[in-house]
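Here the structure comes first, spelled out in structure tokens, and everything after it is commentary.
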Amino acid sequence: MDEVTVALVALGGYGNFYLKHLFEKQSAHGCRLVAGIDPDPRGCQYLDRFEAESIPIYTDLGAFYRERHADLVVIAAPPHLHAPFTVTALRHGSN
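Per the numbering used here, the very first residue in the sequence shown carries number 185; after that it's consecutive.
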């Protein structure tokens with residue numbers, strides 16, 4: 185099975201929950217975090233891991249897609265923002 189690449193939208197709040205599990209279990213589950221997307225990532229408890237593992241953080245999803253791609257986009261942003269992020273991800277071929 186091929187490795188699934190993952191981008192996470194919103195790195196603070198619920199994003200920290202997702203990051204904890206991604207960093208702890210990604211290799212066991214055949215996935216790899218390739219980017220974070222957040223206009224203000226200061227609420228992220230894992231900024232040191234992003235830096236240590238050279239995982240880029242983008243200010244918006246459009247900037248991410250101009251440079252990269254992910255098989256899966258996890259949206260940890262507030263619910264009222266899910267629709268635009270979902271549409272952008274799907275238009276770029278991400279699940």
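Where a beta carbon is used, it is the ideal one built from N, C-alpha and C, also for glycine. Given the structure is predicted, the values throughout are model-derived calculations rather than measurements.
Item                                                                                                      : Value
Identity of the residue in Phe201, Val188, Val271 nearest Gly214 by Cα                                    : Val188
Exposure of Phe269, with buried meaning 16 or more beta-carbon neighbours within 10 Å                     : buried
DSSP bridge partner residues for Ile221 (one or two, in chain order)                                      : Val193, Tyr242
Beta-carbon proximity check, Leu256 vs Ser238, cutoff 8 Å                                                 : no
Buried versus exposed call for Leu203 [16 or more other C-beta atoms within 10 Å across all chains shown] : buried
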